[in-house]
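Peer 1:
There are 2 protein chains.
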Amino acid sequence: MTSDDRPRAPVSRRERPAKPALTRQGIIDAALMILRDEGLSKVTMRRIATALDTGPASLYVYIRDTEDLHAQILDTLLAPVTAAAPGAGSWRDRLKALLTGYRDVLFAHPEIARMALSTQPSGPNYLALGDAIVGLLNEGGVPDRAAAWGLDLLLLYPTAIAVELSSQKSATRKTEDLTALAAQIATVDAARFPHLARLGDELVSGAGPDRADWALDVLLDGMLTAGPHTPRKVS
Amino acid sequence: MTSDDRPRAPVSRRERPAKPALTRQGIIDAALMILRDEGLSKVTMRRIATALDTGPASLYVYIRDTEDLHAQILDTLLAPVTAAAPGAGSWRDRLKALLTGYRDVLFAHPEIARMALSTQPSGPNYLALGDAIVGLLNEGGVPDRAAAWGLDLLLLYPTAIAVELSSQKSATRKTEDLTALAAQIATVDAARFPHLARLGDELVSGAGPDRADWALDVLLDGMLTAGPHTPRKVS
DNA sequence: AACCTAGCACGAACATGTTCGTGAGGCTTC
DNA sequence: GAAGCCTCACGAACATGTTCGTGCTAGGTT
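Chains as they are written, first to last, in my numbering: chain A, 4 to 238; chain B, 4 to 238.
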């Protein structure tokens, strides 16, 4: 868990000095301001410390580490991501729209997506997102266990795509990588990798949103399928 | 792509001096040796440079960055991961065994999993793994486009689980996190998150392997399902 | 032989995350 | 009031990834 599990909140010594008191929320607010004004790459512990007129080590009294900070940032950014009303389409369409909203937040700040993969986000907005997803799955007839276990899967794909974005130095390199990958696949050794060679361009075909749509359908269809290998009670 | 796309390979100046020549493969070999003897956390550019009696900046003539290095390490570690013969079970069982082998490699060195998410691994062993997966999917009747697009999904789940492992400082923290998450879920605000509250322990139930098995079945069932929303030709 | 160019080698430097250690203030106890 | 303890504040330091800039060597050209 994040610092929320600390036995008690630290109390700033700056209460009376001219400097405003350090608080966890104050650090997060400063981070969000820097995010807005300068971009996520500038949201460093040192930059935040400078903004709060202190040293970077001071922040660690209130913030566990940069992952903790990113988790808070993500949760704040998720505030606008909510499910549409039932009249706005089928449960599947509304679920797709909800996950598209989530994906858009991550695509806007892909560096944060790394955090979403490596820790279990637990902010109220993230929980609300999960709750809405489960609600829609129930509406679609997905059994409870499938919904519970599938929640992670549904959030995983958009998160992973965003992480892939985050490692690119620029959009140009991404394009270069895709072009090079396509070229590589076009010349892949058909003797060594016969199946990949046969698939050829199919491996890189389809626009991002088409692939995301398809992936979501695969997951939902899989969850709805009843069969001998659906999840059974673990004894 | 990795350094493989460079117009030509760098040629070391150390050919005649007492120091052995620097080469890309030599750097990778040194990294693997340190991995075996000291663990992945010690496989740093500085440590490798020390092992090769040079400075860390020298490595960047042959290695693009740490991601590039990790990609090579992963590929080497994937050499033993191969598909069982057809007589060893159904296509689904053999696919599960193959992905379990892949997961085991990542779990042994979870830090490398981060790289597998952020870039498109392209080493020969990784390609062979992908080729084997597609072969098994074809054997199971999965259509080509579903196989091509689903390949990423199949590899994603074990990779993501390993990434989650990699961020833990210790197994103890992971246990603490799970316990805290379970406690949090047990007390989740039923008014604010009614669906999550109702699912309760279901959200954290099931051992890792059970969940992984289930996730794989969901993906495979989803790919095999034919319906109006299966992938269509993109015009 | 002399000169020029390309590129390898690598130290220095920069940026960042995080920990360590010390100082000081506030609170509690005697 | 004094002493002791706890904890916040934060500079210093460490570790790492990566870039920059300079020196030097080998090969090619004249």
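Note that beta-carbon positions come from the ideal geometry of N, C-alpha and C, so glycine has one too.
Here the structure is a predicted model, which is why all the values come from computation and not from measurement.
Under DSSP, the alpha helix (DSSP H) around LEU109 (chain A) begins and ends at which residues?
Peer 2: Locating residue 109 (chain A) in the first sequence gives position 106, counting from the first residue. For LEU109 (chain A), the uninterrupted alpha helix (DSSP H) segment begins and ends at 94-111.
Peer 1: Is it the case that the Cβ atoms of LEU130 (chain A) and LEU199 (chain B) are separated by a distance below 8 Å?
Peer 2: Stepping through the first sequence from its first residue, residue 130 (chain A) is reached at position 127. Stepping through the second sequence from its first residue, residue 199 (chain B) is reached at position 196. In this structure, LEU199 (chain B) lies closer than 8 Å to LEU130 (chain A) by Cβ.
Peer 1: Where does PRO23 (chain A) fall in DSSP's three states?
Peer 2: Counting from one through the first sequence, the residue named residue 23 (chain A) turns up at place 20. Three-state DSSP puts PRO23 (chain A) in coil, outside helix and strand.
Peer 1: When you compare only the Cα positions, how much space is there between MET226 (chain B) and TYR63 (chain A)?
Peer 2: As a working note, residue 226 (chain B) is residue 223 in the second sequence. As a working note, residue 63 (chain A) is residue 60 in the first sequence. Their backbone Cα atoms lie some 46 Å apart in a straight line.
Peer 1: I believe SER121 (chain B) touches SER169 (chain A) by the beta-carbon criterion, under 8 Å. Please report the beta-carbon distance rounded to the nearest angstrom.
Peer 2: One-based indexing of the second sequence puts residue 121 (chain B) at position 118. One-based indexing of the first sequence puts residue 169 (chain A) at position 166. Right, the Cβ-Cβ distance comes to about 7 Å (below 8 Å), so this counts as a contact.
Peer 1: Mind checking which residues open and close the alpha helix (DSSP H) that includes PRO127 (chain A)?
Peer 2: Against the first sequence, residue 127 (chain A) aligns to sequence position 124. Taken as a continuous stretch (DSSP letters only), the alpha helix (DSSP H) holding PRO127 (chain A) covers 127-142.
Peer 1: Under DSSP, the alpha helix (DSSP H) around ILE76 (chain A) begins and ends at which residues?
Peer 2: By 1-based counting over the first sequence, the position of residue 76 (chain A) is 73. For ILE76 (chain A), the enclosing alpha helix (DSSP H) starts and ends at 69-80.
Peer 1: Taking 8 Å as the threshold (beta carbon to beta carbon), is ASN141 (chain A) in contact with chain B?
Peer 2: Locating residue 141 (chain A) in the first sequence gives position 138, where the first residue counts as 1. It does; some Cβ of chain B falls within 8 Å.
Peer 1: Under 9 Å Cβ-Cβ, which residues of chain B neighbour GLY211 (chain A)?
Peer 2: Translated into the one-based positions of the first sequence, residue 211 (chain A) becomes position 208. Going along chain B, no residue has its Cβ under 9 Å from GLY211 (chain A), so there is no contact; the nearest lies around 11 Å.
Peer 1: Start and end of the alpha helix (DSSP H) containing ALA200 (chain A)?
Peer 2: Counting from 1 along the first sequence, the entry for residue 200 (chain A) is found at position 197. Start and end: 197-202.
Peer 1: Taking the alpha carbon of VAL207 (chain A) as the reference point, which residue from B:GLY153, B:LYS22, B:VAL14, B:THR53 has its own alpha carbon closest?
Peer 2: Residue numbering aside, residue 207 (chain A) sits at position 204 when the first sequence is read from its first letter. Comparing Cα positions, the closest option is B:GLY153.
Peer 1: Does any residue of chain B have a CB that is nearer than 8 Å to the CB of TYR1 (chain A)?
Peer 2: Limits of chain A in this structure are 4 at one end and 238 at the other, which puts residue 1 (chain A) out of reach.
Peer 1: Does LYS99 (chain B) pass the burial test, meaning 16 or more other C-beta atoms within 10 Å, or should it be called exposed?
Peer 2: The sequence position of residue 99 (chain B) within the second sequence is 96, counting from 1. Burial call: buried.
Peer 1: Would you check if the stretch 102-110 of chain A and the stretch 157-167 of chain A touch, i.e. whether three or more CB-CB distances between them fall below 8 Å?
Peer 2: yes
Peer 1: Please classify TYR63 (chain B): does DSSP put it in a helix, a strand, or coil?
Peer 2: The sequence position of residue 63 (chain B) within the second sequence is 60, counting from 1. In this structure, TYR63 (chain B) counts as coil in the three-state DSSP scheme.
Peer 1: Counting only beta-carbon separations shorter than 8 Å, does TRP217 (chain B) have a partner in chain A?
Peer 2: To locate residue 217 (chain B), count along the second sequence from 1; it is residue 214. Taking Cβ atoms only, chain A reaches closer than 8 Å to TRP217 (chain B), which makes this a yes.
Peer 1: Give the C-beta separation of LEU156 (chain B) and VAL221 (chain A) to the nearest angstrom, bearing in mind that I take them to be a contact with Cβ-Cβ under 8 Å.
Peer 2: Counting from one through the second sequence, the residue named residue 156 (chain B) turns up at place 153. Counting from one through the first sequence, the residue named residue 221 (chain A) turns up at place 218. Yes, LEU156 (chain B) and VAL221 (chain A) are in contact; Cβ-Cβ is about 7 Å, under 8 Å.
Peer 1: For LEU209 (chain B), does the count of other Cβ atoms within 10 angstroms reach 16, so buried, or fall short, so exposed?
Peer 2: Here residue 209 (chain B) is taken as the residue at index 206 of the second sequence, counted from 1. First, the amino acid is wrong: residue 209 (chain B) is Gly here, not Leu. That one is buried.
Peer 1: In angstroms, rounded to a whole number, what distance separates the CA positions of ASP71 (chain A) and ALA215 (chain B)?
Peer 2: Against the first sequence, residue 71 (chain A) aligns to sequence position 68. Against the second sequence, residue 215 (chain B) aligns to sequence position 212. In a straight line, the C-alpha of ASP71 (chain A) is about 27 Å away from that of ALA215 (chain B).
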